[in-house]
Ligand code: PRP
């Protein structure tokens, strides 16, 4: 048998949905479900090897070719970009990028340069560039909703899923930026060298989304 196809999965929210997808295909994911602290896990009947990683690292591993395939959110793809193929929309992990402010704040109009807090500075920058608006962007790592509450920023560019975090903190969406969902990405060299196996896996995934 060929060496396994190595697939990097984003830990956390997308992990469960990806495992559920593999189980619908019929793969035995016991080793992934009962992983403990292990980070590289086999799915032997699919000849796959699963690596669990943070979203940004999924892209890094796939770009460098140490993983053939990755499952990562469109949010991370938009923020990091990079050289790999984005093959399909997996349909789960649906949410959106949005611009939000404190409820009732007037954001657009006026001549003062606004400050925007975001975990996604590149996404925020290109959104405001597309509007021809000059803004100052502050990168925040944790709960970005805090920034307008602490008066560090006039608004935030962040992921909104249910809207609960915004609502519970007195914030509201003033403009949607882009829809987000989980995507399958593939290393460019793997796509050439292991095309048949990757196409086979892709067909199984597409039939089970
Ligand atoms: C994301 C995002 C919001 C929240 C939105 O954070 O940054 O804070 O989810 O979800 P909601 O609309 O359903 O309330 P996440 O929970 O991924 O945590 P993080 O701050 O560690 O990125």
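In the working numbering, the protein residues as written are 394 to 602.
Yeah, the Cβ is synthetic: ideal placement off N, Cα and C, and Gly gets one too.
N-terminal and C-terminal residue of the beta strand (DSSP E) that residue i is part of
i: residue 480; result: 478–482
i: residue 511; result: 507–511
i: residue 439; result: Looking at the DSSP string, residue 439 is not in any beta strand (DSSP E), and its letter there is neither H nor E.
i: residue 419; result: First-last for residue 419: undefined, no H or E at that position.
Endpoints, the alpha helix (DSSP H) within which residue i is located
i: residue 450; result: 448–457
i: residue 595; result: 588–601
i: residue 472; result: 467–473
Nearest residue (CA-CA) to residue i, options the options
i: residue 435; options: 410, 400, 468 and 554; result: 400
i: residue 439; options: 432, 424 and 450; result: 424
i: residue 566; options: 494, 419 and 472; result: 494
i: residue 513; options: 532, 429 and 503; result: 532
i: residue 559; options: 416, 537 and 522; result: 537
i: residue 410; options: 596, 487 and 541; result: 487
i: residue 534; options: 527, 552 and 521; result: 552
i: residue 583; options: 427, 415, 420 and 459; result: 459
i: residue 395; options: 441, 416 and 408; result: 441
i: residue 402; options: 448, 501, 503 and 592; result: 448
i: residue 569; options: 550, 417, 430 and 407; result: 550
i: residue 484; options: 557, 587, 414 and 592; result: 414
i: residue 492; options: 407, 446, 420 and 541; result: 541
i: residue 432; options: 408, 416 and 585; result: 408
In DSSP terms, what residue i is bridged to
i: residue 569; result: 491
i: residue 551; result: 491
i: residue 582; result: According to DSSP, residue 582 bridges with nothing at all.
i: residue 444; result: 401 and 433
i: residue 556; result: According to DSSP, which records beta bridges pairwise, residue 556 is partnered with nothing at all.
i: residue 564; result: 495
i: residue 463; result: 401 and 578
Inter-residue CB distance, residue i and residue j (contact presumed, cutoff 8 angstroms)
i: residue 475; j: residue 452; result: 6 angstroms
i: residue 467; j: residue 574; result: 6 angstroms
i: residue 412; j: residue 462; result: Rounded, the Cβ-Cβ distance is 15 angstroms, inconsistent with contact.
i: residue 464; j: residue 577; result: 6 angstroms
i: residue 516; j: residue 479; result: Not quite, the Cβ-Cβ distance comes to about 16 angstroms (not below 8 angstroms), so this is no contact.
i: residue 599; j: residue 481; result: 6 angstroms
i: residue 548; j: residue 507; result: 7 angstroms
i: residue 581; j: residue 454; result: Not really, about 14 angstroms apart at Cβ, beyond 8 angstroms.
i: residue 571; j: residue 489; result: 7 angstroms
>> Give the list of continuous alpha helix (DSSP H) stretches no shorter than 4 residues that lie fully inside the region 513–540.
In response: 514–523
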